[in-house]
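A.B. asks: Just so you know, the sequences run in chain order F and A.
Going by our numbering, the first residue of the first sequence is number 118, and it counts up by one from there.
Going by our numbering, the first residue of the second sequence is number 205, and it counts up by one from there.
Glycine included, every Cβ here is placed at the ideal spot set by N, Cα and C.
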Amino acid sequence: MSRTVLKIRYIDPRQIGEFESWLSHMSKQGLHLKSLGSISAEFDRGEVVEHKYRVDFNTSQYEVFPQEQLEVYRESGWEFIDMFSDIGIFRGAKNAKAPELHTDPDELAYEIRKISRKNTSRNIVPPLLSIALGLRFSWVFDQMMLNLLNYVSSWISLWHFFVSTPILIAISISKTITLQKNLHALRAGTAIDHNVDWKKPLLFAKCAWIAYFVSLLAIIGCLIYSLATVKTMSLSTAYIDEHLIRLADIDKSPLLERFESNQGYSSRSVDYGNMYKCRWSPFAQSIISVSERGIIPGRKWLGGEASEDSTATYSPELSYTIYQLRFSWSEILLRDMLKEEKRICYSGEQGIPPLIKPAEQAEYDHLYISDNEPGYSVFASNGKTVVSLYYRGEASLDLVIEAVTEMFARLS
Amino acid sequence: MTEAMYYVLLALTQQAHGYKLMREITDLTHGRLNMGPGTLYGVLARMEKDKLITVEEDDGRRKVYSITDNGKEAFRKEYRRLQNMVRDGAILGGD
Numbered sequence: 118m119s120r121t122v123l124k125i126r127y128i129d130p131r132q133i134g135e136f137e138s139w140l141s142h143m144s145k146q147g148l149h150l151k152s153l154g155s156i157s158a159e160f161d162r163g164e165v166v167e168h169k170y171r172v173d174f175n176t177s178q179y180e181v182f183p184q185e186q187l188e189v190y191r192e193s194g195w196e197f198i199d200m201f202s203d204i205g206i207f208r209g210a211k212n213a214k215a216p217e218l219h220t221d222p223d224e225l226a227y228e229i230r231k232i233s234r235k236n237t238s239r240n241i242v243p244p245l246l247s248i249a250l251g252l253r254f255s256w257v258f259d260q261m262m263l264n265l266l267n268y269v270s271s272w273i274s275l276w277h278f279f280v281s282t283p284i285l286i287a288i289s290i291s292k293t294i295t296l297q298k299n300l301h302a303l304r305a306g307t308a309i310d311h312n313v314d315w316k317k318p319l320l321f322a323k324c325a326w327i328a329y330f331v332s333l334l335a336i337i338g339c340l341i342y343s344l345a346t347v348k349t350m351s352l353s354t355a356y357i358d359e360h361l362i363r364l365a366d367i368d369k370s371p372l373l374e375r376f377e378s379n380q381g382y383s384s385r386s387v388d389y390g391n392m393y394k395c396r397w398s399p400f401a402q403s404i405i406s407v408s409e410r411g412i413i414p415g416r417k418w419l420g421g422e423a424s425e426d427s428t429a430t431y432s433p434e435l436s437y438t439i440y441q442l443r444f445s446w447s448e449i450l451l452r453d454m455l456k457e458e459k460r461i462c463y464s465g466e467q468g469i470p471p472l473i474k475p476a477e478q479a480e481y482d483h484l485y486i487s488d489n490e491p492g493y494s495v496f497a498s499n500g501k502t503v504v505s506l507y508y509r510g511e512a513s514l515d516l517v518i519e520a521v522t523e524m525f526a527r528l529s
Numbered sequence: 205m206t207e208a209m210y211y212v213l214l215a216l217t218q219q220a221h222g223y224k225l226m227r228e229i230t231d232l233t234h235g236r237l238n239m240g241p242g243t244l245y246g247v248l249a250r251m252e253k254d255k256l257i258t259v260e261e262d263d264g265r266r267k268v269y270s271i272t273d274n275g276k277e278a279f280r281k282e283y284r285r286l287q288n289m290v291r292d293g294a295i296l297g298g299d
């Protein structure tokens, strides 16, 4: 059986009384402190002998306690165990008549104040950095539902905002409160209580760190699973779900051909112009994105608005995403989509707000249409299914709606 | 000036090292004040920095401290303050 036992130290040594009474409790179980790490404490397993432990602060000009000082402590019955930062841990036998390390509350208060001023940055910087980093990624709150579904980085941002930062702040506040309580008591002439209850602060810190790491692991797990299960294929060769609609369902010309562009091919030879992508999300059973480009050789765009070159060949496009949500968040997602549509149109060259009209269709819970000459954007929801579709071509709106309605019927 | 500082300055009217100082203070206070080593070294470090005391000898194992002129002046000032306080307090606590 190993004689060394490693324990996470949930209590900070600056929480003086709590830390000392926790170490004494460990000694009652035969675990005697050997060394102190930044997050752990190493114990020697030995005889069950109750020791008393004391925290002291190195106020000397040296990085470690001077040998002479340690010698006097030893002669007074206090054995030096280890140091962490500027904090030293000393051990004395429970029943020995050694004088307390600190007998003057005013002097100890002065030392604690001095040390806590030195450690202010250590206590405040992590939560402040966390908040600053969080603000840097505050974009995630704008169209949050859409971001959560489309960008895995937004999961991390959300975790950072709602789990990581509050936990870091709570831990920092908890340490500060304990330190201030000690200071207040010392200024009032009351000595540190070396047998104060350590279980509550330990439970608090333990729960906070467990919540922190479990949620972080869950996020990383979702992220890995999501990336590992994403399927991206060229539309022509891929297995295509029979529920989906194709460009030919809207542009019904028999002359329509697939338009392949050399641009946009990835190293895996996926034609991003004609692509099928299916991915998993913790918020949606599936998210399917389809993009398709066609061409009708010999036919020109009507009016030539679609291209700077009015003689350009007619080449319609269809792209859409189907979100099959796990929860009834369709309205929120639709709202985000409309907001995004407005943002895209505003930031476009013309800066003209899009005309988004709600349409009455019995088949949908919600249906919005944006007339994007030459084509349409359609946003529709029914139950937990939401579709965002963009068609660029000269087919009528009725044909587009009809195709979308058919797809919804097949999906349900 | 805290009680610990006062007695350390008083005990240092004769040069002394840490452990001797602790015993000296206990004797001076007739056993009333049993100063802890943590308190002692906190006070020594601060007073050395404030030049109220100085290190006379340091052989690497043991330091011998003594009071400086500044320390004596600070002690006298505190002594007079305490004397005044005791005199003023005699109205209530003199009996």
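Can you give me the C-alpha to C-alpha distance between I290/F and S155/F, rounded to a whole angstrom?
C.D. replies: Answer to the nearest angstrom: the Cα atoms are 19 Å apart.
A.B. asks: Helix, strand or coil for V151/A per DSSP?
C.D. replies: Summary: the structure shown does not reach residue 151/A, with chain A confined to residues 205 through 299, and so no result is reported for it.
A.B. asks: Give me, in chain order, the residues of the same chain whose beta-carbon lies closer than 8 Å to that of H277/F; leave out the 5 immediate sequence neighbours on both sides.
C.D. replies: Only S247, L250, G251 and F254 meet the Cβ criterion.
A.B. asks: Using a Cβ-Cβ distance under 8 Å, would L218/F count as near chain A?
C.D. replies: True, the Cβ-Cβ gap to chain A drops below 8 Å.
A.B. asks: Apart from the five residues just before and just after A208/A, which ones in its own chain have a Cβ nearer than 7 Å to its Cβ?
C.D. replies: Within the same chain, A208/A has close Cβ partners M239, T243 and V247.
A.B. asks: Rounding to the nearest angstrom, what Cα-Cα distance links L214/A and F279/A in this structure?
C.D. replies: The alpha-carbon atoms of L214/A and F279/A are separated by roughly 8 Å.
A.B. asks: Note down, in chain order, every chain F residue with its Cβ under 8 Å from the Cβ of R266/A.
C.D. replies: Ordered by position in chain F, the residues that pass the 8 Å Cβ test against R266/A are E185 and E188.
A.B. asks: Tell me, please, which residues DSSP counts as bridged to T430/F.
C.D. replies: DSSP output for T430/F lists K417/F as bridge partner(s).
A.B. asks: Taking only beta-carbon positions, decide if D161/F is within less than 8 Å of chain A.
C.D. replies: Chain A contact via Cβ: absent.
A.B. asks: May I ask you to report which of helix, strand or coil DSSP gives V517/F?
C.D. replies: In this structure, V517/F counts as helix in the three-state DSSP scheme.
A.B. asks: How about G411/F and F444/F: are their beta carbons less than 8 Å apart?
C.D. replies: Cβ atoms of G411/F and F444/F: not closer than 8 Å.
A.B. asks: Can you tell me the Cβ-Cβ gap for R131/F and L296/F, rounded? I've got them flagged as a contact below 8 Å.
C.D. replies: 6 Å between Cβ atoms; contact.
A.B. asks: Any idea which residues DSSP pairs C395/F with across the strands?
C.D. replies: Paired residues: K348/F and I405/F.
A.B. asks: By Cβ distance below 8 Å, which residues in the same chain neighbour F525/F in space, the five residues on each side in sequence not counted?
C.D. replies: Here the set comprises E480, Y481, A497, N499, T502 and V504.
A.B. asks: Would you please state the rounded distance, in angstroms, between the beta carbons of Y393/F and I413/F? I believe it to be under 8 Å.
C.D. replies: Rounded, the Cβ-Cβ distance is 22 Å, inconsistent with contact.
A.B. asks: Give me the subset of the region 220-237 of chain F whose CB atoms are less than 8 Å from a CB atom of chain A, sorted by chain position.
C.D. replies: For the region 220-237 of chain F, which is checked against every Cβ of chain A, the residues closer than 8 Å are T220, D221, D223, E224, L225, Y227 and E228.
A.B. asks: Run through DSSP, which three-state label would H301/F get?
C.D. replies: Correct three-state label for H301/F: helix.
A.B. asks: I257/A and T272/A - do their beta-carbons sit closer together than 8 Å?
C.D. replies: In contact: T272/A and I257/A (Cβ atoms closer than 8 Å).
A.B. asks: With a cut-off of 8 Å, does the C-beta of W195/F fall near any C-beta of chain A?
C.D. replies: True, the Cβ-Cβ gap to chain A drops below 8 Å.
A.B. asks: Is there a Cβ of chain F sitting closer than 8 Å to that of G240/A, yes or no?
C.D. replies: Yes, its Cβ sits closer than 8 Å to a Cβ of chain F.
A.B. asks: Let's see if you can read the secondary structure: which residues bound the alpha helix (DSSP H) around R236/A?
C.D. replies: Here R236/A belongs to no alpha helix (DSSP H), and DSSP marks it neither H nor E.
A.B. asks: Is N175/F helix, strand or coil when you go by DSSP?
C.D. replies: Looking at N175/F - three-state DSSP - the assignment turns out to be coil, as it is neither helix nor strand.
A.B. asks: Go ahead and pull the three-state DSSP assignment for R460/F.
C.D. replies: Helix, per DSSP.
A.B. asks: Which of the three DSSP states is assigned to F525/F in this structure?
C.D. replies: Helix, per DSSP.
A.B. asks: Would a check of beta-carbon distances place T176/F closer than 8 Å to chain A?
C.D. replies: Judged by the 8 Å Cβ criterion, T176/F is in contact with chain A.
A.B. asks: Evaluate F174/F with the Cβ neighbour count: other Cβ atoms within 10 Å of its Cβ, from every protein chain shown; 16 or more gives buried, anything less gives exposed.
C.D. replies: It is buried - the Cβ of F174/F has at least 16 other Cβ atoms within 10 Å.
A.B. asks: With DSSP run on the structure shown, which of helix, strand or coil describes K169/F?
C.D. replies: Correct three-state label for K169/F: strand.
A.B. asks: By DSSP, does A365/F sit in helix, in strand, or in coil?
C.D. replies: It is helical.
A.B. asks: Given that E282/A touches chain F, what residues does it touch there, using C-beta distances under 8 Å?
C.D. replies: Near E282/A there are no residues of chain F at all, since even the closest Cβ is about 14 Å away, more than 8 Å.
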